[in-house]
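First up is the structure itself, then whatever we jot down about it.
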Amino acid sequence: MESIIRDAINKYLEANDLLSNEQYGFRVGRTTTLQLIEMLDFITEAIDNHETIDVIYLDFQKAFDKVPHQRLLTKLKAIGIGGKVFNWIANFLNERKQRVTINNQASSWYSVESGVPQGSVLGPILFLIYINDIPEAVNSLIKLFADDTKLYGISSTSVHSDMIQEDLNDLMAWTEEWQLQLNTDKCKSIHYGHNNPKRQYLMDKEGTQLELHQDSKEKDLGITFQDNLKFDQHIANNVKKANRLLGMIRRTFTKLDRNIFLQLYKSLIRPHLEYAVSVWHPFLKKEIIQIENVQRRASKLVLGLQNHSYSERLISLGLPSLEYRRKRYDAIQVYRILSGKDMIVNKDLLKLNKPTVRLMSPAEIPK
Numbered sequence: 001m002e003s004i005i006r007d008a009i010n011k012y013l014e015a016n017d018l019l020s021n022e023q024y025g026f027r028v029g030r031t032t033t034l035q036l037i038e039m040l041d042f043i044t045e046a047i048d049n050h051e052t053i054d055v056i057y058l059d060f061q062k063a064f065d066k067v068p069h070q071r072l073l074t075k076l077k078a079i080g081i082g083g084k085v086f087n088w089i090a091n092f093l094n095e096r097k098q099r100v101t102i103n104n105q106a107s108s109w110y111s112v113e114s115g116v117p118q119g120s121v122l123g124p125i126l127f128l129i130y131i132n133d134i135p136e137a138v139n140s141l142i143k144l145f146a147d148d149t150k151l152y153g154i155s156s157t158s159v160h161s162d163m164i165q166e167d168l169n170d171l172m173a174w175t176e177e178w179q180l181q182l183n184t185d186k187c188k189s190i191h192y193g194h195n196n197p198k199r200q201y202l203m204d205k206e207g208t209q210l211e212l213h214q215d216s217k218e219k220d221l222g223i224t225f226q227d228n229l230k231f232d233q234h235i236a237n238n239v240k241k242a243n244r245l246l247g248m249i250r251r252t253f254t255k256l257d258r259n260i261f262l263q264l265y266k267s268l269i270r271p272h273l274e275y276a277v278s279v280w281h282p283f284l285k286k287e288i289i290q291i292e293n294v295q296r297r298a299s300k301l302v303l304g305l306q307n308h309s310y311s312e313r314l315i316s317l318g319l320p321s322l323e324y325r326r327k328r329y330d331a332i333q334v335y336r337i338l339s340g341k342d343m344i345v346n347k348d349l350l351k352l353n354k355p356t357v358r359l360m361s362p363a364e365i366p367k
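Using UniProt numbering, you'd call the opening residue of the sequence shown number 1 and step up by one each time.
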């Protein structure tokens, strides 16, 4: 029943364009990769125009557990969800109880009056509805992936950074009104661009103005962003993870046939080297080699291939090089944006030149 209700709500929300375009979590055609590409495009274009940019990362404290049921129900009514569906959701939320069990000793049952059930089918979409109006509270750019939230904008002058500070204040006022809490100790700012003034932003904590922590890097949706816009730390960390897993496989399996190797490699190692690769696609030769060397070493684990060249090992295993796969990923990402399969906020992200001669279908990717 939960799945039926969720699908009906999703269909209603998307058909009526009720969810914010800045929300990418739990939505078809809106991925972590796409969100990061859009933010990175804004930052790089601003830097090309000799501007500076500040990004503020906000950390909600147990956001899914803090959603007040009655206020959530109010928001459901406000977007037109009523009748039997509304009553079912109200019962779904209000009739929940929980208790604590330690060493076979259980506490008494008590009613749960806040929080959307984590791990449930319906929980994520209810949470999206609850925080859906966050972008309306600010004038700066904002991106959300579920409760992962970042506020950003041009910061070249005090006028610009004052606007960001005002938006930060307004966002904190929103959290107070809707009874969610920000973990101020984990919120931070990153400053991009040459000669960035590095404004010290402030956050209120129990009536005290605290200075927001400034950092030179942040792991944003799994990708390490650095204030110099290099991704060498991200690459180094993920190559290290992949090599560590490769070492575990080498110590665990003394002999590997092709099928077992491919299953282990594709599921455990290669994903670390390719997640959201369109965001951090390397262009330095040393980084390209650094990444490729993981697959180069891995392919030597297969029985009977140790004395073959790298290209021969790839042919035998049916594996393309990682560099080729990155280029293909980029082509697929462009195709998905142009074809409308992935939804973007900035419609100027990709601009096409009209060809004088038609060579192929405009939506065709060569194999």
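Glycine included, every Cβ here is placed at the ideal spot set by N, Cα and C. Note that the coordinates shown come from a computational prediction; the quantities given were computed from them, not determined experimentally.
Residue pairing of residue 153 in beta bridges, as defined by DSSP: 54. Within the DSSP bridge table, the entry for residue 203 names 210 as partners. Counted as a single uninterrupted DSSP element, the alpha helix (DSSP H) harbouring residue 127 occupies residues 123-130. Only buried fits residue 152, as 16 or more other CB atoms lie within 10 angstroms of its CB. In the displayed model, residue 105 falls within a strand according to three-state DSSP. A residue is called buried when at least 16 other Cβ atoms come within 10 angstroms of its Cβ; residue 100 does not meet this threshold and is exposed. Here the stretch 173-191 lies against the stretch 48-62, with 3 or more beta-carbon pairs under 8 Å apart. In the same chain as residue 149, and ignoring 5 residues on each side of it, the C-beta atoms closer than 6 Å to its own belong to 58, in chain order. Take the alpha-carbon of residue 320 and the one of residue 202: they are about 49 Å apart. Fewer than three beta-carbon pairs drawn from the stretch 31-50 and the stretch 85-93 are found closer than 8 Å, and the two stretches are therefore not classed as touching. The C-alpha of residue 45 lies about 19 Å from the C-alpha of residue 330. Separation of residue 28 and residue 18 (C-alpha to C-alpha, rounded to the nearest whole angstrom) is 14 Å. Remark: C-beta atoms of residue 226 and residue 219 do not approach each other more closely than 8 Å.
Only exposed fits residue 1, as fewer than 16 other CB atoms lie within 10 angstroms of its CB. The way I'd put it, the stretch 267-284 does touch the stretch 322-336; three or more beta-carbon pairs between them come closer than 8 Å.
Remark: C-beta atoms of residue 258 and residue 294 do not approach each other more closely than 8 Å. In the three-state reduction of the DSSP assignment, residue 41 falls in the helix class, which pools H, G and I. Annotated three-state conformation of residue 135 is helix, per DSSP. Using a C-beta cut-off of 8 Å, the stretch 64-78 makes no contact with the stretch 165-176, since fewer than three inter-stretch Cβ pairs fall below that distance. DSSP places residue 272 in the uninterrupted alpha helix (DSSP H) bounded by 270-274. With respect to the C-alpha of residue 119, the residue from 65, 264, 133 and 270 having the closest C-alpha is 65.
In the DSSP secondary-structure assignment, residue 302 is bridged to 256. Distance from residue 155 to residue 52 at the Cβ level is roughly 5 Å; contact confirmed, criterion being Cβ atoms closer than 8 Å. Contact annotation: residue 322 and residue 291 have beta-carbon atoms nearer than 8 Å. Secondary structure at residue 349: coil, using DSSP grouped into helix, strand and coil. Around the beta carbon of residue 228, fewer than 16 other beta carbons lie within 10 angstroms, which makes this residue exposed. At a cut-off of 4 residues, the continuous stretches assigned as alpha helix (DSSP H) that sit fully inside the stretch 145-198 are 158-177.
Just so you know, the alpha carbons of residue 324 and residue 274 end up roughly 12 Å apart. Membership of residue 219 in the beta strand (DSSP E) is indicated by the continuous run 217-220.
In terms of Cα proximity to residue 147, the closest of 165, 159, 134 and 337 is 134. Annotation: residue 116 to residue 10 spans about 16 Å, alpha carbon to alpha carbon.
With contacts defined as CB atoms closer than 8 Å, residue 75 and residue 130 qualify as a contacting pair. Residue 261 sits in a helix when the DSSP states are folded into three classes.
Counting only unbroken stretches of 4 or more residues, the alpha helix (DSSP H) elements lying wholly within the stretch 286-342 are 310-317 and 322-338, in sequence order. For residue 225, the enclosing beta strand (DSSP E) covers residues 223-226. The continuous stretches of alpha helix (DSSP H) do not include residue 62, and DSSP gives it neither H nor E.
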